[in-house]
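Chemist:
2 protein chains.
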Amino acid sequence: MQNIPFNKPYFSGNELHYMKQALDRGKISGDGYFTQKCHDFFYNRFGFKKCLLTTSCTDALEMVSILLDIQPGDEIIAPSYTFVSTVNAFVLRGARIKFIDSHPNHPNINEQLIEAAISQKTKAIVVVHYAGMACNLDYIQSLAAKHNIALVEDAAQAMDSYYHSHNGKMIPLGSIGDFATFSFHETKNIISGEGGMLVINNKNYYERAEIIREKGTNRSKFFRGEVDKYSWVDVGSSFLPSELIAAFLYAQLENLENIQSKRKEIWDSYFQKLNGKLPSGIELMSIPEHATNNAHMFYLVCQNDEQRDLLIMHLKKHKIQSVFHYLPLHLSSYYLKTNNIESLPNAEKFGSTLLRLPFFYELTKDQIEYICQTIIRFT
Amino acid sequence: MQNIPFNKPYFSGNELHYMKQALDRGKISGDGYFTQKCHDFFYNRFGFKKCLLTTSCTDALEMVSILLDIQPGDEIIAPSYTFVSTVNAFVLRGARIKFIDSHPNHPNINEQLIEAAISQKTKAIVVVHYAGMACNLDYIQSLAAKHNIALVEDAAQAMDSYYHSHNGKMIPLGSIGDFATFSFHETKNIISGEGGMLVINNKNYYERAEIIREKGTNRSKFFRGEVDKYSWVDVGSSFLPSELIAAFLYAQLENLENIQSKRKEIWDSYFQKLNGKLPSGIELMSIPEHATNNAHMFYLVCQNDEQRDLLIMHLKKHKIQSVFHYLPLHLSSYYLKTNNIESLPNAEKFGSTLLRLPFFYELTKDQIEYICQTIIRFT
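Protein chains in written order, with this note's numbering: chain A, 629 to 1007; chain B, 629 to 1007.
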């Protein structure tokens, strides 16, 4: 058996062809034909009203931070068990972060702990759909509404995933918050190397989003003939990915069904082979009741960090690359410079015990069987 | 004669081939093989010590702003006649901008006016090498050193351009400031659709640049084995372009000589055909004595905005697209919200009178002849 990497980007066939088409069209800067095709795809498939491709999910979060007009001293509520960009986007604008613990059995933010953290200064609740699995959005949305603060879905891992709403509806993740952000980094289900998208569901932010995206100018109004010259009217930045990236992404989106169906097979295969057979102390990931599974990730939860380190080494010895994930941000040296140490036991537990198994489109049945057998033999 | 656009991106041949290679290598996120090839190219060709590809020149400027630790109330000195991103990057961190006028005969910052604008709060002088032509760097560098403030070269248009130093040396633009930023937007000489680069010439900033580029984590140290886990240690963002973009860029860089030689032919051709033959009141662009010409742009300076508007319409009637450039930022509605109106007559003059002619690799001799004859016939 050859080395099994943790990730291997999958190319669905038309990527180069569409990039060539972008060249043939003579436009490779942003916001061209393929960017529009991607925006339309998301609108038609998931009902996302205003989609804006960005160069990364990080950049999409930074756009949110500017749109929310975050000022020094404003507060943001976010889970501790997440990627740094979830909060850095707000810290860059001067925000203080109030970190919330995870659920005992899932890394998602424990919604029951949110309200106590809300203050007069709170500007937004940022939830992260870890492993593409929905947070408790009904409850969190009602909290945000009650306190008149924005809800942001960091949906970096949550493409093509859904929330079972209390009214019985299946709602696509990314369509509920005032804003949602997606990643197309090569480790995600749908990729463009680097890349991201901002979804704006609250129409109060549409017009300013256009300006901020155009480096703080009213260029879009100029092209619509609403002003005769465009000029500097606001802060802003460059968030547009090249048409090359959009063309690549579009080829992936055309294959969404196929990619997702294959990934779900892989996930199910892992689950069936490991369910009830895991070595002592190791548990399978659990899916919240209100969430669907978009097969972004397959992870195990070990008893402690020692066991996890041993399992990583055991797998490595058998040429299988497995990787842990986040260090809880509330314990980071950067956060502790200006905040007191506190205990968020579940975030800390997942920081020490969560282990991700190889997961990519081209992972074969034999490889999955081999990985599972290697895990089952671990003592 | 068919429509002649203002710009047409040029593809030098290997772009798709190298993007395919990136796919074949199985890595399309940032900082891979082709990113390193680009960094090495710039180091070898221009002596830029620390190069970091970014998703745009705007993003490179934002990285500078973070590295300089710009705080609310800090001041930045910059020309008024420039693109909004030159200053937005600093405004996003809370800086106030002190705008400086252009030279009478060139849009570059008038270096004689800089010192009077320096205060205790000044953190950086940002110069822009307009049309790829060097600012008076000896003088400005000595000012920055005297006052112990950073010098930033916004070299968005200045790839492969040089400064004749007083000591007789030809110094590549981008190698003198503490920082320099380049653009590879499709309107530039060397392109990747969207794209940019940060050059760091002051080694005090190397280590923090690595961290900020890694979203505020010490991931680079982790990969070098200097720490056993990487974590949140600073602010940061996502600045990496995909390997697809780097692969595209590398194909362009391999053809730098050819691209530049063709562009210089086009520039010389414009100059020879128009020199001494321009309609009354219209002048050719002038090149500062201490600057080389990288053939980024060919522009005319009209007598006033009326004449320019008429010339644009005349050219448009003959199917030639010509475009004006910046509105001086000191007169923008955004700046005037928090600053008093002032007069910067030369920046205002170029705002009203500068006109850029079609300029791209595939512009033919016949097209240039036709454009020049059409201009000469303008009354």
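In this text, a Cβ means the ideal position worked out from N, Cα and C, and glycines have one as well. Owing to the predicted nature of the structure, the values given are computational and were not obtained by experimental measurement.
Please report how far the alpha carbon of residue 944 of chain A lies from the alpha carbon of residue 856 of chain B, in whole angstroms.
Modeler: For residue 944 of chain A and residue 856 of chain B, the distance between alpha carbons rounds to 17 Å.
Chemist: Out of A/790, A/795 and A/752, which one is the CA nearest neighbour of residue 774 of chain A?
Modeler: Of A/790, A/795 and A/752, the residue nearest in Cα terms is A/752.
Chemist: DSSP three-state label for residue 672 of chain A, please.
Modeler: Here residue 672 of chain A sits in helix by DSSP.
Chemist: Thinking C-beta only, is residue 657 of chain A closer than 9 Å to residue 656 of chain B?
Modeler: No, they are not a contact pair.
Chemist: Could you tell me the alpha carbon to alpha carbon distance between residue 630 of chain A and residue 990 of chain A, rounded to whole angstroms?
Modeler: The alpha-carbon atoms of residue 630 of chain A and residue 990 of chain A are separated by roughly 14 Å.
Chemist: How long is the line joining the alpha carbons of residue 949 of chain A and residue 650 of chain A, rounded to whole angstroms?
Modeler: Residue 949 of chain A and residue 650 of chain A: Cα-Cα distance of roughly 36 Å.
Chemist: With a threshold of 16 other CB atoms inside 10 Å of the CB of residue 965 of chain A, please say whether the residue is buried or exposed.
Modeler: Counting Cβ neighbours within 10 Å, residue 965 of chain A comes out exposed, since fewer than 16 surround it.
Chemist: What span of residues does the alpha helix (DSSP H) with residue 975 of chain A cover, start to end?
Modeler: Residues 973-981.
Chemist: Whose Cβ in chain B lies nearer than 7 Å to the Cβ of residue 636 of chain A?
Modeler: Within chain B, the residues near residue 636 of chain A are 654.
Chemist: What three-state label does DSSP hand residue 733 of chain A in the structure shown?
Modeler: In the structure shown, residue 733 of chain A sits in coil (DSSP, three-state: anything other than H, G, I, E or B).
Chemist: Name the DSSP beta bridge partners of residue 679 of chain A, please?
Modeler: A/827.
Chemist: For residue 720 of chain B, which option in B/707, B/703, B/757 and B/768 has the closest C-alpha, if you only look at C-alpha atoms?
Modeler: Cα-wise, what sits closest to residue 720 of chain B is B/703.
Chemist: Could you tell me which of A/956, A/677, A/785 and A/936 sits nearest to residue 908 of chain A, measuring between CA atoms?
Modeler: Ranking the options by Cα distance to residue 908 of chain A, first place goes to A/936.
Chemist: Check this for me: beta carbons of residue 680 of chain A and residue 876 of chain A, under 9 Å apart or not?
Modeler: No; because the gap between Cβ atoms is not below 9 Å, this pair is not in contact.
Chemist: Confirm, please, whether the CB-CB distance from residue 698 of chain B to residue 742 of chain B is below 9 Å.
Modeler: No, the pair does not count as a contact, with Cβ atoms beyond the cut-off.
Chemist: Nearest to residue 910 of chain B by alpha carbon, out of B/685, B/861, B/633 and B/733?
Modeler: The option with the nearest alpha carbon to residue 910 of chain B is B/733.
Chemist: Spell out whether any CB of chain B is found under 9 Å from the CB atom of residue 730 of chain A.
Modeler: Taking Cβ atoms only, chain B never reaches closer than 9 Å to residue 730 of chain A, which makes this a no.
Chemist: Beta-carbon within less than 6 Å of residue 684 of chain A's beta-carbon, same chain only, minus the 5 sequence neighbours each way: which residues are those?
Modeler: Around residue 684 of chain A: 822 and 824.
Chemist: May I have a chain-ordered list of the alpha helix (DSSP H) segments no shorter than 4 residues that lie completely inside the region 686-716 of chain A?
Modeler: Complete alpha helix (DSSP H) runs here, min 4: none at all.
Chemist: Going along chain B, which residues have a C-beta under 7 Å from residue 648 of chain A?
Modeler: Going along chain B in sequence order, the residues near residue 648 of chain A (Cβ under 7 Å) are 644.
Chemist: With 7 Å as the C-beta to C-beta threshold (strictly closer), list the residues of the region 952-973 of chain A near chain B in chain order.
Modeler: Listed by position along the chain: 955, 957, 960, 961, 962 and 963.
Chemist: Determine the extent of the alpha helix (DSSP H) in which residue 652 of chain A is found, giving its start and end residues.
Modeler: Segment 643-652, the alpha helix (DSSP H) holding residue 652 of chain A.
Chemist: If I measure Cβ to Cβ from residue 764 of chain A and keep anything under 7 Å in the same chain, skipping five residues before and after, which residues do I get?
Modeler: Here the set comprises 739 and 918.
Chemist: Of all the options B/638, B/894 and B/847, which has the alpha carbon lying nearest to the alpha carbon of residue 997 of chain B?
Modeler: Cα-wise, what sits closest to residue 997 of chain B is B/894.
Chemist: My assumption, with CB atoms under 8 Å, is that residue 800 of chain B sits in contact with residue 674 of chain B. Please give the rounded CB distance.
Modeler: 4 Å between Cβ atoms; contact.
Chemist: Please identify the residue among B/899, B/827, B/977 and B/959 whose C-alpha is closest to the C-alpha of residue 952 of chain B.
Modeler: Among B/899, B/827, B/977 and B/959, the Cα nearest to that of residue 952 of chain B belongs to B/977.
Chemist: Can you list the alpha helix (DSSP H) stretches of 4 or more residues lying completely in the region 859-896 of chain B, in chain order?
Modeler: Counting only runs of 4 or more, we get 871-882.
Chemist: How far does the beta strand (DSSP E) with residue 790 of chain A in it reach, from first residue to last?
Modeler: From DSSP, the beta strand (DSSP E) with residue 790 of chain A extends over 790-792.
Chemist: Answer with yes or no whether the minimum CB distance from residue 716 of chain B to chain A is below 9 Å.
Modeler: Taking Cβ atoms only, chain A reaches closer than 9 Å to residue 716 of chain B, which makes this a yes.
Chemist: From A/828, A/728, A/939 and A/921, pick the residue whose C-alpha is nearest to that of residue 791 of chain A; which is it?
Modeler: The shortest Cα separation from residue 791 of chain A among A/828, A/728, A/939 and A/921 belongs to A/921.
Chemist: Can you find a C-beta in chain B that's less than 9 Å from the C-beta of residue 679 of chain A?
Modeler: Residue 679 of chain A does not count as touching chain B.
Chemist: Does the beta carbon of residue 896 of chain A fall short of 8 Å from some heavy atom of the ligand GDP?
Modeler: In the structure on display, the ligand GDP does not appear, and there are no ligands present to speak of.
Chemist: For residue 857 of chain B, which residues in chain A fall below 8 Å Cβ to Cβ?
Modeler: The answer, in chain order, is 955.
Chemist: Just the chain B side, please: which residues come within less than 7 Å of residue 990 of chain A by C-beta, in chain order?
Modeler: Here the premise fails: no neighbours, minimum Cβ distance about 10 Å.
Chemist: Helix or strand or just coil, what does DSSP make of residue 819 of chain A?
Modeler: The answer is coil: DSSP assigns residue 819 of chain A none of H, G, I, E or B.
Chemist: Can you tell which of B/961, B/939 and B/778 has the C-alpha that lies nearest to the C-alpha of residue 981 of chain B?
Modeler: When only C-alpha atoms are compared, the closest one is B/939.
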